Structure formats: structure tokens, C-alpha cells
Amino acid sequence: MKVLLVKDVKSLGKVGEVKEVKDGYGQNFLIAKGFAKAATHEVLKQYEAEQKKKAENLRFELANLEKLKEELSKITICIAKSVGANGSLFGGVTKDEIAHALKNQKGIELDKKSLECDTIKELGVHEISAKLGHAIHAVFKLEVKGE
99 MKVLLVKDVK SLGKVGEVKE VKDGYGQNFL IAKGFAKAAT HEVLKQYEAE
149 QKKKAENLRF ELANLEKLKE ELSKITICIA KSVGANGSLF GGVTKDEIAH
199 ALKNQKGIEL DKKSLECDTI KELGVHEISA KLGHAIHAVF KLEVKGE
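Mind the numbering: the sequence shown is residues 99 to 245 in my numbering, read in order.
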């Protein structure tokens with residue numbers, strides 16, 4: 099009997115492989131436990147269609163992330179903070195404040211967890227790195243001004 103593996107099965111194969119197994123093993127274990135489906139023509143076509151759709155969605159997502167990366171590279175956001183007598187900031191600029199400023203000023207919503215920076219405690223222009231996913235990193239500028 100031929101089966102299409104839906105999950106990885108130790109000592110048999112990985113997801114998406116079509117394997118020849120004994121009828122009892124295929125029916126009573128693999129199919130019954132949800133590890134495989136009977137490899138009929140319809141099941142194989144459906145699996146191929148799902149894989150094509152997943153690949154298309156991935157290409158679309160990667161294109162959107164690249165577009166966002168380009169957009170972010172041209173952006174500079176400004177945050178005004180109160181400054182002490184010696185020119186240093188009271189407190190600092192956190193990732194949460196950066197994410198809110200990015201959303202309010204440019205309309206781009208990023209999770210604060212995707213930002214890669216420490217709390218900024220100095221005035222001036224700083225480069226902020228953001229992980230967008232799928233190993234795509236973007237860099238934008240943050241200008242911290244004194245009030």
C-alpha cells in the first residue's frame with residue numbers, strides 16, 4: 099500500500115514523501131493515528147495544490163517584507179524627551195516608545211519585540227534595527243530631541 103506522510107515518522111520518512119508500506123501498518127497505524135493518508139490520485143493532487151499555495155503565500159509575504167524594508171530604510175522618526183541640566187535625558191527612550199512613535203508618525207506597525215536596541219539615553223540620531231521575519235532585517239533612524 100502507498101501512503102503520503104502527513105507528519106514525520108521516525109525510521110520511515112518525512113512529511114510529503116510517498117512510501118510503500120504493508121497494508122496493516124498503513125491502515126492500522128499510520129492512517130489511524132493521523133501520520134499518513136492513503137496515496138490516491140486525488141490526495142496527491144490536493145497535497146501538491148496545498149504546497150503550491152503555501153509557496154505562493156511565502157513569496158507574497160517575502161515581497162511585502164522586502165517592500166517594508168525599503169520603506170523603513172528611508173524613514174527618520176523623532177521623539178522629544180525632557181533633558182536635564184547637563185544635557186542628558188531623564189530616563190530614556192524605550193522600544194515601546196519607538197514602536198508607538200513609528201505607528202503614530204509613519205503609520206507602520208512593528209512589535210516592540212522585533213526592535214533590536216537598548217534603551218537610548220542620549221540625544222541625537224540613532225540607527226534602530228528591526229527583525230521583520232524570514233531573516234529580513236531593516237534599519238531606520240531615530241532622532242531624539244530635547245524639550
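Yeah, the Cβ is synthetic: ideal placement off N, Cα and C, and Gly gets one too.
Here the structure is a predicted model, which is why all the values come from computation and not from measurement.
Margin query: So, for residue 213: in the same chain, excluding its five sequence neighbours on each side, which residues have a beta-carbon less than 7 Å away from its beta-carbon?
Written below: Closer than 7 Å at the Cβ level, and outside the excluded window around residue 213, lie 193, 196, 197, 226 and 228.
Next item on the list: Can you grab the Cα-Cα spacing for the pair residue 139 / residue 155, in whole Å?
Entry: One C-alpha to the other measures close to 24 Å.
Check: CA-CA distance, residue 142 and residue 102?
Finding: Cα to Cα, the separation comes out at about 8 Å.
Margin query: My assumption, with CB atoms under 8 Å, is that residue 245 sits in contact with residue 178. Please give the rounded CB distance.
Written below: That belief holds up - the Cβ atoms of residue 245 and residue 178 are roughly 5 Å apart, short of 8 Å.
Item checked: Buried/exposed call for residue 158, threshold 16 Cβ in 10 Å -> By the neighbour-count rule (16 or more Cβ atoms within 10 Å), residue 158 is not buried but exposed.
Notebook entry, point to check: Identify the residues that DSSP records as bridge partners of residue 158: which are they?
Noted result: DSSP output for residue 158 lists no bridge partner at all.
Next item on the list: Could I get the ranges of all uninterrupted beta strand (DSSP E) runs contained in the stretch 155-199, with 3 residues as the minimum, in chain order?
Entry: Correct list: 174-179.
Check: Is the distance from the Cβ of residue 130 to the Cβ of residue 104 below 9 Å?
Finding: No, they are not a contact pair.
Margin query: Measuring alpha carbon to alpha carbon, tell me which residue in 172, 184 and 111 is nearest residue 200.
Written below: For residue 200, the nearest C-alpha among the options comes from 172.
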